[in-house]
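Number 289 in the working numbering belongs to position 288 of the sequence shown; there are no gaps in the numbering. Data block below; observations after.
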Amino acid sequence: MKAKDLLIELLKFKSITPKDDGALNYIAMHFVDFEAFFIEKEGIKNLLLTKEFNENGEHLAFCGHIDVVPPGDGWDSDPFKPVEKDGFIYARGAADMKSGLAAFLTAALEAKNFNGSRLSILITSDEEGEAKYGTAEIINFMKEKNLLPDYVVVAEPSCENKLGDSLKIGRRGSINAKLKIKGKQGHAAYPQKAINPIHEIAPALKLLAGFDLDPGDEIFAPSKIVITDIRAGMQTSNVTPNELEMMFNVRNSPQSSLDDVKSYVDKVLEGLNYELELKQSSKPFLTNKDNKIVQKINHSIQKITGIVPEFNTKGGTSDARFFAEHSINVVEFGVCNESIHAANERVSVEDFEKLCLIFKDLIENFD
Numbered sequence: 002m003k004a005k006d007l008l009i010e011l012l013k014f015k016s017i018t019p020k021d022d023g024a025l026n027y028i029a030m031h032f033v034d035f036e037a038f039f040i041e042k043e044g045i046k047n048l049l050l051t052k053e054f055n056e057n058g059e060h061l062a063f064c065g066h067i068d069v070v071p072p073g074d075g076w077d078s079d080p081f082k083p084v085e086k087d088g089f090i091y092a093r094g095a096a097d098m099k100s101g102l103a104a105f106l107t108a109a110l111e112a113k114n115f116n117g118s119r120l121s122i123l124i125t126s127d128e129e130g131e132a133k134y135g136t137a138e139i140i141n142f143m144k145e146k147n148l149l150p151d152y153v154v155v156a157e158p159s160c161e162n163k164l165g166d167s168l169k170i171g172r173r174g175s176i177n178a179k180l181k182i183k184g185k186q187g188h189a190a191y192p193q194k195a196i197n198p199i200h201e202i203a204p205a206l207k208l209l210a211g212f213d214l215d216p217g218d219e220i221f222a223p224s225k226i227v228i229t230d231i232r233a234g235m236q237t238s239n240v241t242p243n244e245l246e247m248m249f250n251v252r253n254s255p256q257s258s259l260d261d262v263k264s265y266v267d268k269v270l271e272g273l274n275y276e277l278e279l280k281q282s283s284k285p286f287l288t289n290k291d292n293k294i295v296q297k298i299n300h301s302i303q304k305i306t307g308i309v310p311e312f313n314t315k316g317g318t319s320d321a322r323f324f325a326e327h328s329i330n331v332v333e334f335g336v337c338n339e340s341i342h343a344a345n346e347r348v349s350v351e352d353f354e355k356l357c358l359i360f361k362d363l364i365e366n367f368d
């Protein structure tokens, strides 16, 4: 099957997270020369395809997700009936990330040679959701079978303006915070008899909102406090609130930790009556720019596109973090991300075909 035909077929599956809608079985049917392991937990379906090529060498893997976010409103066509128009294919998941999926599936089938020890493909149906029983479960299964890969490419849509302009070699971590400022409810006409938590925190807001906990570096942006929600009161103008709740997030570089966040907030809020809850949902990681997988895919990108990619750690979290937790070398590369999660999501046919060639070149020259 041609690459574009495979992509169009995958786009027809209504695989809204955490469902695969039968897509994983469909994919497995095309890989008769690979061992197929269906790994299911708590209703989440995952697929591992793996094939041994040589006794010696290194293990290369590709990772992706078949699930997509709900389509929402505002589409010009049915989001699960792909439409090709003006050099683009429109459908939910076209960019995020069935194009990446179809690209490495095609590359794995069409590559004429592979000098590594083993080639594997990991596909989950729960990346856009909680991701609790998705890629992490496949990795646990591989660890039990002594099949952990040496290098992984996650085919998330990484590029920004042109295919090849961005190669993610790491990600920032994510720290979520819930802050509660306690006060004393009262009448707005008698503020001296109350403790207004809004007034209490007001001077501190300028020291929290948008504050950089570190300066960042050439790869990582600064670890910035981003306030995402503030609420208090009873939606009435004559009663001051009893407490205020605020939420914020820090996408942290390796230069700042959860303890650093706590220390800074404690310092800023000294003297106030408050509770602070912090949770690290993912930790920062970085694959060295001189690492083999970085250099190999960098060479393939430049060879096919003529563009030198920027090494960066931009964006939110991805399943790449699960490989980093096992000290597995991982990078992310895929199509442009301008339309991901939006109505009329689309992928350039030319970019998709080049992505197939990049992954194929990587496989064939992985020695």
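Built from N, CA and C at the ideal position, the CB exists for glycine as well.
Does the beta-carbon of residue i have 16 or more other beta-carbons within 10 angstroms, so that it is buried, or is it exposed?
i             : result
arginine 252  : buried
arginine 347  : buried
proline 198   : buried
arginine 232  : exposed
threonine 229 : exposed
threonine 241 : buried
threonine 288 : buried
threonine 18  : buried
alanine 23    : It is worth fixing the name first, because residue 23 is glycine in this sequence and not alanine. Glycine 23 should be labelled exposed.
glutamate 129 : buried
serine 78     : exposed
glycine 174   : buried
aspartate 218 : exposed
lysine 99     : buried
proline 72    : buried
For the candidate residues the options, whose alpha-carbon lies nearest to that of residue i?
i                 : options                        : result
glutamate 271     : Ile139, His342, Leu208         : Leu208
isoleucine 45     : Lys113, Asp127, Leu120         : Asp127
serine 340        : Met235, Asn162, Glu145         : Asn162
aspartate 34      : Asn26, Lys52, Glu41, Gly23     : Lys52
glycine 135       : Ala222, Phe39, Gly117, Ala210  : Phe39
leucine 12        : Glu333, Met248, Glu85, Gln236  : Glu85
glycine 88        : Lys5, Gln193, Tyr265           : Lys5
leucine 214       : Pro204, Leu259, Ser328, Ile170 : Leu259
leucine 180       : His327, Pro216, Asp267, Ile308 : Asp267
asparagine 320    : Ile90, His66, Arg119, Asn47    : Asparagine is not the amino acid found at residue 320; the sequence shown has aspartate there. Checking every option, the nearest Cα to that of aspartate 320 belongs to His66.
arginine 172      : Glu56, Ala29, Ser282, Glu365   : Ser282
methionine 247    : Lys185, Phe14, Gly234          : Gly234
threonine 125     : Phe81, Ala222, Asn26, Lys82    : Asn26
histidine 200     : Ile226, Asn243, Asn114, Ile220 : Asn243
phenylalanine 221 : Glu351, Phe286, Phe323         : Phe286
methionine 2      : Glu111, Asn47, Asp68, Ser16    : Glu111
proline 150       : Asp352, Phe324, Phe353         : Phe324
alanine 195       : Lys183, Ala205, Pro204         : Lys183
lysine 1          : Lys263, Gly187, Gln236, Glu36  : Here the chain covers residues 2 to 368 and nothing more, so residue 1 does not appear.
alanine 205       : Glu219, Asp218, Gly217, Ile226 : Ile226
aspartate 352     : Leu48, Lys15, Ile90, Ala29     : Ile90
lysine 20         : Pro310, Phe32, Glu41           : Glu41
isoleucine 32     : Ser238, Lys99, Leu120, Gly73   : The sequence as given places phenylalanine at residue 32; isoleucine does not occur at that position. Of Ser238, Lys99, Leu120, Gly73, the residue nearest in Cα terms is Leu120.
proline 80        : Gln236, Ala29, Pro158, Lys15   : Lys15
arginine 322      : Gly187, Ile170, His300         : Ile170
asparagine 250    : Pro223, Gly73, Ser238          : Pro223
histidine 327     : Leu277, Leu148, Ser349         : Leu148
If residue i and residue j are in contact, beta carbons under 8 Å, what's the gap, nearest whole angstrom?
i                 : j              : result
leucine 356       : glycine 94     : Not a contact, Cβ separation roughly 15 Å.
isoleucine 305    : aspartate 261  : At roughly 41 Å, the Cβ-Cβ gap does not stay under 8 Å, so isoleucine 305 and aspartate 261 are not in contact.
glutamate 59      : serine 118     : 6 Å
isoleucine 302    : leucine 245    : Going by Cβ atoms, the distance from isoleucine 302 to leucine 245 rounds to 48 Å, so no, they are not a contact pair.
leucine 50        : isoleucine 122 : 4 Å
phenylalanine 367 : asparagine 116 : 6 Å
glutamate 138     : asparagine 47  : 6 Å
Enumerate in chain order the residues of its own chain whose CB-to-CB distance from residue i is below 7 Å, with the five nearest sequence positions on each side excluded.
i           : result
lysine 342  : Per the sequence shown, residue 342 should be read as histidine rather than lysine. So the qualifying residues of the chain are Val70, Asp97.
lysine 7    : It is leucine, not lysine, that sits at residue 7 in the sequence shown. Cβ neighbours of leucine 7 beyond the five flanking positions: Ala103, Leu106, Thr107.
lysine 113  : Glu365
alanine 265 : In the sequence on display, residue 265 carries tyrosine and not alanine. The answer, listed in chain order, is Leu214.
In its own chain, which residues sit with a C-beta less than 6 Å from the C-beta of residue i, not counting the 5 before and 5 after it?
i                 : result
phenylalanine 105 : Phe63, Ala156, Phe360
cysteine 337      : Cys160
asparagine 55     : Ser118
alanine 210       : Ile228
lysine 280        : Asn177
lysine 185        : Ala195, Ile196
tyrosine 152      : Leu61, Ile294, Asn330
lysine 284        : Gly174
phenylalanine 371 : This structure cannot speak to residue 371, because the chain is shown only from 2 to 368.
Return the chain-ordered list of same chain residues with a C-beta closer than 8 Å to the C-beta of residue i, the five sequence neighbours on each side being excluded.
i              : result
isoleucine 298 : Val154, Leu168, Val332, Phe334, Ile359, Leu363
valine 82      : The question names valine, but residue 82 is lysine in the sequence shown. Counting only Cβ-Cβ distances below 8 Å, and skipping sequence neighbours, we find Lys13, Ala92.
glycine 75     : Ala344, Asn345
isoleucine 308 : Lys163, Leu164, Gly165, Asp166, Ile302
valine 350     : Lys5, Glu85, Gly88, Phe89, Ile90
Q | Touch test, the stretch 272–281 against the stretch 306–315, Cβ-Cβ under 8 Å, three pairs minimum | A | no
Q) How about the stretch 289–302 and the stretch 249–266: do they share at least three Cβ pairs that are nearer than 8 Å? A) no
Q: Tell me, please, whether the stretch 183–195 touches the stretch 139–151 by the rule of three or more beta-carbon pairs shorter than 8 Å.
A: no
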